[in-house]
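Here the structure comes first, spelled out in C-alpha cells, and everything after it is commentary.
Chains as they are written, first to last, in my numbering: chain A, 1 to 81; chain B, 82 to 218.
Set out below in C-alpha cells:
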C-alpha cells in the first residue's frame, strides 16, 4: 500500500479523502481554509512521509478507504506521556 | 482497524525512538506507520497544531471505511489517552455500521450489553429498555 521512499526531507501534502487534489500536484499545499473538523463529514486527505517497520514510506490517507482508521496525533517522540 | 500516528518529528527521529525506546515497550516495535508532519500542516487542518509550542496536541480521529470522521478527541499534552475507551467506541461504531444504522448504542454500552433499535415504538419507552445504572456499569 505505502510507497517506499528514499531518505529525504519530504513534507506532507493533501486535499480531502476520496477527492482529487485541486492542482493534482504532489507538492500542493494542504488547503488552509479547511480547518474545521466536523464529525459525519469526510476527513481531510493528506500524503505524508513516515517510518514503518524499518522502511521510509510515503503514505496517503485515502489509500485506506474501505478500512477503519485511527489517526493519532501526539506532541513528540521521546516525550513522556 | 488501521492505526496511523502523526507528530512533527522527522521520520529519522521516529526510527530512532522506535529502535531505542519503543521496542522495549512493545515486542517487535511499533507495528503501524509513524508519520512525519514537519511544519504541522496536517495538524493545522485537523485543528490539533499548537503554533506556540510548535507541536501537535493529543488528537485522535476515528475514520470509517468511507473516509468519514465518526469521532474525535483532543487532549493537551500532559494527559494520556484511554485506549480502552477508544476501543469501546470503535466496537460501537462498527456495530452501528454493520447494522446499517438500525441499531444504536446507549450510554455505557460495551460489547454484550443491550443496544437500542430507534423507531416509533421506542419513542417515550427508552426507560423500559435502558436504566440509568447502565451508564455506570
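Glycine included, C-beta positions come from ideal geometry on N, C-alpha and C.
So, under 8 Å CB-CB, residue 117(B) and residue 8(A) are touching, yes? Tell me the CB distance rounded to an integer number of Å. Here residue 117(B) is taken as the residue at index 36 of the second chain, counted from 1. Here residue 8(A) is taken as the residue at index 8 of the first chain, counted from 1. Not a contact, Cβ separation roughly 11 Å.
Does residue 42(A) get closer than 8 Å to chain B when you measure Cβ to Cβ? Here residue 42(A) is taken as the residue at index 42 of the first chain, counted from 1. Answer yes: the Cβ-Cβ gap between residue 42(A) and chain B drops below 8 Å somewhere.
Sufficient close CB pairs (3 or more, under 8 Å) joining the segment 90 to 103 of chain B to the segment 69 to 78 of chain A: yes
Quick one, are the C-beta atoms of residue 14(A) and residue 149(B) less than 8 Å apart? Residue 14(A) sits at position 14 when you count from the first residue of the first chain. Residue 149(B) sits at position 68 when you count from the first residue of the second chain. Cβ atoms of residue 14(A) and residue 149(B): not closer than 8 Å.
Could you work out which residue in 184(B), 130(B), 145(B), 92(B) is closest to residue 171(B) when comparing CA atoms only? One-based indexing of the second chain puts residue 171(B) at position 90. Residue 171(B) has its Cα closest to that of 145(B), out of 184(B), 130(B), 145(B), 92(B).
Report yes or no: is there a C-beta of chain A within less than 8 Å of the C-beta of residue 114(B)? The sequence position of residue 114(B) within the second chain is 33, counting from 1. Judged by the 8 Å Cβ criterion, residue 114(B) is in contact with chain A.
Write down every uninterrupted run of the alpha helix (DSSP H) in the segment 105 to 174 of chain B whose length is 4 residues or greater and which is fully enclosed by it, in chain order. 122 to 126
Could you check the C-alpha separation between residue 60(A) and residue 16(A) for me, to the nearest Å? Translated into positions along the first chain, residue 60(A) becomes position 60. Translated into positions along the first chain, residue 16(A) becomes position 16. Going from the Cα of residue 60(A) to the Cα of residue 16(A) covers about 11 Å.
Residues of chain A with CB closer than 8 Å to the CB of residue 98(B), please, in chain order. Locating residue 98(B) in the second chain gives position 17, where the first residue counts as 1. Neighbours of residue 98(B) on chain A, chain order: 77, 78.
Go to residue 58(A), then tell me how far its beta strand (DSSP E) extends in each direction, as first and last residue. If you number the first chain from 1, residue 58(A) lands on position 58. From DSSP, the beta strand (DSSP E) with residue 58(A) extends over 55 to 60.
With a threshold of 8 Å between beta-carbons, can residue 106(B) be considered close to chain A, or not? Locating residue 106(B) in the second chain gives position 25, where the first residue counts as 1. It does not; no Cβ of chain A falls within 8 Å.
For a test of the three-state rule: what should DSSP assign to residue 86(B), helix, strand or coil? Here residue 86(B) corresponds to residue number 5 of the second chain, with the count starting at 1. Strand at residue 86(B).
Which residue or residues does DSSP assign as beta-bridge partners of residue 72(A)? On the first chain, position 72 is the one that residue 72(A) refers to. In the DSSP output, where bridge partners are listed per residue, residue 72(A) has 86(B), 141(B).
Inter-residue Cα distance where the pair is residue 90(B) and residue 47(A): Translated into positions along the second chain, residue 90(B) becomes position 9. Translated into positions along the first chain, residue 47(A) becomes position 47. CA-CA distance, residue 90(B) to residue 47(A), rounds to 16 Å.
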